[in-house]
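Residue 5 in the working numbering is what sits at position 6 of the sequence shown, and the numbering runs on without skipping anything.
Ideal Cβ placement from N, Cα and C applies to all residues, glycine included.
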Amino acid sequence: MLIDILTKIVLPICALIITVLGLKSRWIIQTDRLFERYSKLSKLAFELSEQFGNKILRKISEEYGYAAITREKTIT
0 MLIDILTKIV
10 LPICALIITV
20 LGLKSRWIIQ
30 TDRLFERYSK
40 LSKLAFELSE
50 QFGNKILRKI
60 SEEYGYAAIT
70 REKTIT
């Protein structure tokens with residue numbers, strides 16, 4: 000009786016909860032990775048634009064910074 004309750008009710012519920020938590024944590028980590036990648040690219044492009052005085056690099060750094068904040072995946 001107790002084993003039936005464990006195998007039919009408790010274990011599937013625990014598995015479902017663990018799956019949902021795993022999916023949610025992976026989603027959060029993925030968006031943080033996207034933010035980190037774009038913010039690093041923005042900082043690099045900005046530093047290069049300051050060194051060389053290139054306005055195109057400055058515009059690229061602004062686009063990457065905006066994409067990092069809004070978490071956009073596509074950049075023009």
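Take the alpha-carbon of residue 65 and the one of residue 39: they are about 12 Å apart.
Boundaries of the alpha helix (DSSP H) harbouring residue 69: 54-69, taken from the DSSP string. Taken through DSSP and simplified to helix, strand or coil, residue 23 comes out as helix. In the assembly as shown, residue 44 is a buried residue. Its beta-carbon has 16 or more other beta-carbons within 10 Å.
Per DSSP, residue 5 is not a residue of any alpha helix (DSSP H), being assigned neither H nor E. In this structure residue 41 is buried. Its beta-carbon is surrounded by 16 or more other beta-carbon atoms within 10 angstroms.
When only Cα atoms are considered, residue 49 and residue 18 end up about 47 Å apart. Rounded to whole angstroms, the gap between the alpha carbons of residue 34 and residue 72 is 10 Å.
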